[in-house]
Amino acid sequence: YHVSKKRVERLMKEAEIHAIAKKKYRATTDSKHSLPVVPNSLNRNFSVNKLNQFWVADITYIYTQEGWLYLSTIMDLYSRKIIGWSMHRRITQKLVIQALYMAIKQRKPSWGLLLHSDRSSQYANDYYQALLARNGILCSISRKGNCWDNAVMESFYRTLKVELIYPKKYETRIEAQRDIRHI
């Protein structure tokens, strides 16, 4: 079918449907650190055949009138379920460690699981790497400047923001946290 833009606008107006505007990208990854970085072992292999084989992790930000709220999440690539998460007003090492502890406690993975993340200092630091090693979790890190290496998590964040975050104007971080906790 061929439909004009004006017809779509009229039908949307009648149905009280509003398009969600695309927001400007803001980089939050500090990849210019001097910490050692492991290779990208995941290599965009997003097809998984069982639970706890591959996990992906990332951090995103949510704007509130009070200031930024940072959200760290870990997703199982098989179920596409968020299995660990943490929120804080600062983007710190503790943010990603709390999400990892939650995922480990919930899933109790066997040795050899691969966790993939971006190159940020929160994931490359010694404490985080030691925590992975103590739990038998192998680490994989995206190539520099390549968001496609963690596309599944980036897609999740895009959906979260378009469907939940952007339509609202959060006054406080607590208000945003309440909404996000219920997803």
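If you count by our numbering, then the sequence shown holds residues 117 to 299, one letter each, in order. Backbone N, C-alpha and C define an ideal beta-carbon position, used for all residues, glycine too.
Chain-order list of residues whose beta-carbon lies under 8 Å from that of residue i (same chain, five-residue window excluded)
i	result
V172	L158, I190, M191, L193, L231, H232, S233, N266, V268 and M269
A311	With the chain running from 117 to 299 in the structure shown, residue 311 is simply not present.
L280	D295, I296 and I299
M128	H134 and A135
E291	T180
F272	T189, M191, R196 and I198
K285	Q181
Within 7 Å, strictly: CB atoms of residue i and residue j
i	j	result
N168	P225	yes
I257	R235	yes
T180	T275	no
L247	C255	no
Interface flag, residue i vs chain B, CB-CB below 7 Å
i	result
I178	Note that chain B does not occur in the displayed structure, where there is just one protein chain.
Contact set for residue i: own chain, Cβ-Cβ below 6 Å, skip 5 residues either direction
i	result
Q209	Q238 and N241
G252	W227
H204	Y186 and L211
Y117	none
M218	G200
Q293	M203
For residue i, the residue or residues it bridges with in DSSP
i	result
T180	G183
S202	S188
S256	H232
K197	D192
Coil, strand or helix - residue i by DSSP
i	result
V172	strand
V164	coil
N266	helix
A240	helix
V278	helix
Y286	coil
Close Cβ partners of residue i (< 7 Å) along its chain, the five nearest in sequence each way excluded
i	result
E130	none
S195	L167
Q245	C255
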